[in-house]
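Here the structure comes first, spelled out in structure tokens, and everything after it is commentary.
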Amino acid sequence: MRNWITRAETGADIPAIRDILLTAFETSEEADLVDALRADASWIEGLSVVSTDENGRPVGHALLTRCHIGDEPALCLAPCAVRPEHQRSGAGSAAVRAALTAARERGEHHVVVLGHPAYYPRFGFTRASAHGIGLTIDVPDEALMALALDADHPLPAGTVRYAAPFGI
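If you read the sequence shown in this note's numbering, its first letter stands for residue 410, the second for the next number, and so on.
Listed below in structure tokens is the structure:
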């Protein structure tokens, strides 16, 4: 595993991030979602993080935007992507860890993710249903996970309300 450089996205990174998402996923849905989130009130400056190659070119991306668990403010981790030629190299994990660290440093307390149950537990995510957290749509129970960023603020129970661009 190499040591990836991570940083918050800049305006100059926007085309590269869109390209990462277009190459990592089969459709433009995730790239379009990130564009819509950038224009939404859920966007939080500094919580869109890239991992870069040795030339400073973004190759991985992780995004945290505002959501709510019941009435409690939380963050949603989605989407996360890595250029295909850099997948399984740690670039994605580096971006996720940097985004979670940035959120913790900003005083955020809770993060939810709807994703692969074998991937996200490495960051501390656990099954959300064990904490009384659910969605208004049917998803596999093990796919919805949650994380408390600090022990002083345990996860609240409730239904996750995503930002409007998610359409959930």
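Glycine included, each C-beta is placed from N, C-alpha and C at the ideal position.
Q: Specify whether the stretch 506-513 and the stretch 537-553 touch according to this definition: at least 3 beta carbon pairs, one from each stretch, less than 8 Å apart.
A: no
Q. For Leu553, which of Ile478, Pro574 and Ala490 has the nearest alpha-carbon?
A. By 1-based counting over the sequence shown, the position of residue 553 is 144. Checking every option, the nearest Cα to that of Leu553 belongs to Ile478.
Q: Look at the Cβ atom of Val521, then the Cβ atom of Tyr529, and state whether they are nearer than 8 Å.
A: Your numbering for residue 521 matches position 112 in the sequence shown. Your numbering for residue 529 matches position 120 in the sequence shown. No, the Cβ-Cβ distance between Val521 and Tyr529 is not below 8 Å.
Q) How should Asp559 be labelled, buried or exposed, when 16 other C-beta atoms within 10 angstroms of its C-beta is the threshold for buried? A) Position 150 of the sequence shown, counted from the first residue, corresponds to residue 559. Looking at its Cβ environment, which holds fewer than 16 other Cβ atoms inside 10 Å, Asp559 is exposed.
Q | Presumed contact (8 Å Cβ cut-off) between Arg416 and Val458, rounded CB distance | A | As a working mapping, residue 416 is identified with position 7 in the sequence shown. As a working mapping, residue 458 is identified with position 49 in the sequence shown. Arg416 to Val458, Cβ: 7 Å. Contact.
Q.
Here's the rule I'm using: 16 or more other beta-carbon atoms within 10 Å means buried, otherwise exposed. How should Glu517 be labelled?
A. The sequence position of residue 517 within the sequence shown is 108, counting from 1. It is buried - the Cβ of Glu517 has at least 16 other Cβ atoms within 10 Å.
Q.
Please classify Ser451 as buried or exposed, where buried requires at least 16 neighbouring CB atoms within 10 angstroms.
A. Taking the sequence shown and counting its residues from 1, the one referred to as residue 451 is at position 42. Its Cβ being crowded by 16 or more others within 10 Å, Ser451 is buried.
Q: Output the residue ranges of the beta strand (DSSP E) runs that lie fully inside the stretch 442-523 and measure 3 residues or longer, sorted by chain position.
A: For the stretch 442-523, whole beta strand (DSSP E) runs of length 3 or above, ordered along the chain, are 457-461, 467-478, 481-491 and 519-523.
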